[in-house]
Every structure is written in structure tokens, then in C-alpha cells.
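K.L.:
Structure provided below as C-alpha cells; questions to follow.
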Amino acid sequence: MTSYNPNFWNTIATFCRELAPVSGALLDSISETAAAIERAGFESQSTRKHLEASQVPMLPPENSMTLPEQEEGDMR
Numbered sequence: 001m002t003s004y005n006p007n008f009w010n011t012i013a014t015f016c017r018e019l020a021p022v023s024g025a026l027l028d029s030i031s032e033t034a035a036a037i038e039r040a041g042f043e044s045q046s047t048r049k050h051l052e053a054s055q056v057p058m059l060p061p062e063n064s065m066t067l068p069e070q071e072e073g074d075m076r
């Protein structure tokens with residue numbers, strides 16, 4: 001729906017004029033951030049694949065480990 005209120009269009013024009021000087025830098029920053037996030041995700045996947053390929057032994061979960069001083073039936 002089109003508005004015929006001149007104040008509306010003046011407000012939009014003013015907003016655009018004020019935003020124009022910073023919009024380029026803002027878009028560049030957004031682009032750089034997106035690229036950094038994408039690189040980090042790629043590096044993370046690459047590192048994970050490298051670790052899996054080198055067969056790094058995984059530790060068992062803590063709750064499945066028994067301490068050497070604990071014997072079966074010992075509920076400290």
C-alpha cells in the first residue's frame with residue numbers, strides 16, 4: 001500500500017542519506033564476519049577429519065571409569 005504522506009517519504013529519504021556513508025563499511029564487516037565463520041567451520045571439520053584419520057585414542061566417559069582405590073562393592 002502506497003502512502004501519500006510526505007513526512008513518511010521525507011523520513012525514508014533522510015534515513016537513507018544518513019545510512020549511506022556507513023552502509024558500505026557495515027556490509028563489508030558483515031561479509032568478513034561471514035567468511036571468518038565459514039573458514040572456522042571448514043577448519044574445524046578438517047581438524048576433526050585429521051584427528052579421526054590419525055586414530056587418536058578416545059578416553060572413556062568419566063562415569064564409566066573406576067578409580068584404582070575403589071573395589072567392587074565399595075560405595076564411598
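Counted from 1, the sequence shown has number 44 at position 44 by UniProt numbering; the numbering is strictly sequential. Every residue gets a Cβ at the ideal spot worked out from N, C-alpha and C, and that includes glycine.
Rounded to whole angstroms, what's the CA-CA distance from A36 to P6? Just pull it up for me.
P.N.:
For the purposes of this step, residue 36 is identified with residue 36 of the sequence shown, where counting begins at 1. For the purposes of this step, residue 6 is identified with residue 6 of the sequence shown, where counting begins at 1. Straight-line Cα distance between these residues: approximately 43 Å.
K.L.:
In three-state DSSP terms, what is S54?
P.N.:
For the purposes of this step, residue 54 is taken as residue 54 along the sequence shown, with counting starting at 1. Three-state result, S54: coil.
K.L.:
Have a look at E32 and G41 and give me their C-alpha separation to the nearest angstrom.
P.N.:
Within the sequence shown, numbered from 1, the residue matching residue 32 stands at position 32. Within the sequence shown, numbered from 1, the residue matching residue 41 stands at position 41. C-alpha separation (whole angstroms): 14 Å.
K.L.:
Look up S31 in the DSSP assignment and say whether it is helix, strand or coil.
P.N.:
The residue given as residue 31 occupies position 31 in the sequence shown. Residue state, collapsed to three classes: helix.
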